[in-house]
Amino acid sequence: MAPLAFYTAAEVAQLLRLHPQVVQRKLQAGAIPGYRIGREWRVEHEQLVAWLEQHSNQRARTPETHIVETFFSPDGRLRSIPAQRSKRSVVLERLAGEFEPARIYTEREVNTILRRFHDDVATIRRELIAAKKLIRTKNGVYKRTETKDPALRRG
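Count the sequence shown with this note's numbering and you get residues 623 to 777, in order.
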């Protein structure tokens, strides 16, 4: 097992190309994980790497992803139906992604799928139809229209 590598606050500032006072304040506030030894701060290499990965702007979220994360709980349930039309459209697009495009669904099957996300399946079903994400035929069967954004499809 390799010995632990530690950096001083000044070394972290150099590595991150930040002013040393900025790093010092972030360490004091706990924004950067570190240990205080006397008057000096030490940052473990592994913790710095983990912090950089967590705060990397390489994985910038799209507005759609942010909306989905806001309105869906971690277990996948819909917290609420957005009032704002643009946000509601993203949420409905995500829900429509649960339906296979070429398949015909009965109302009971639609309700079963939607119930996994919200208890008010009638409102969500009506919203999906109004937004033209689902089509209801005269026979009372449902079919999904094509989902625009593949990232919002299930899977």
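For glycine and all other residues, C-beta sits at the position ideal for the given N, C-alpha and C.
- In the structure shown, what three-state DSSP assignment does G765 receive? Strictly speaking, residue 765 in this sequence is Lys, with Gly absent from that position. If DSSP states are grouped into helix, strand and coil, K765 belongs with the strands.
- Message: Within a Cβ cutoff of 7 Å, which residues of the same chain sit near N761, ignoring the five residues on either side of it in sequence?
- Response: The beta carbon of N761 sits closer than 7 Å to none of the beta carbons in its chain outside the five residues before and after it.
- L774 to L649 span [Cα, whole Å]: Its pLDDT being 48, under 50, L774 is placed unreliably by the model, and the measurement read from it follows with that caveat. The straight-line gap from Cα to Cα measures roughly 38 Å.
- Message: I need the straight-line Cα distance from I746 to T684, nearest angstrom please.
- Response: Near 24 Å, if we compare the C-alpha coordinates of T684 and I746.
- Message: To test your reading of the DSSP string, which unbroken alpha helix (DSSP H) runs of 4 or more residues are found completely within the stretch 661–706?
- Response: Fully enclosed alpha helix (DSSP H) runs of 4 or longer: 667–676 and 685–693.
- Task: With a 10 Å radius around its C-beta and 16 neighbouring C-beta atoms as the bar for buried, classify L764 as buried or exposed.
- Result: Rather than Leu, the amino acid found at residue 764 in this sequence is Tyr. It is buried - the Cβ of Y764 has at least 16 other Cβ atoms within 10 Å.
- Message: Spatial neighbours of S702 within its chain, please: C-beta separation below 7 Å, excluding the five flanking residues on both sides.
- Response: The answer, listed in chain order, is F693.
- Which runs of the alpha helix (DSSP H), 4 residues or longer, sit entirely within the stretch 724–751? Segments of the alpha helix (DSSP H) lying fully in the stretch 724–751: 729–737.
- Does the distance from the C-beta atom of V634 to that of L670 stay below 8 Å? Yes, the pair counts as a contact, with Cβ atoms nearer than the cut-off.
- Message: Given a cut-off of 8 Å on the beta-carbon distance, is the pair V743 and L736 in contact?
- Response: In this structure, L736 lies closer than 8 Å to V743 by Cβ.
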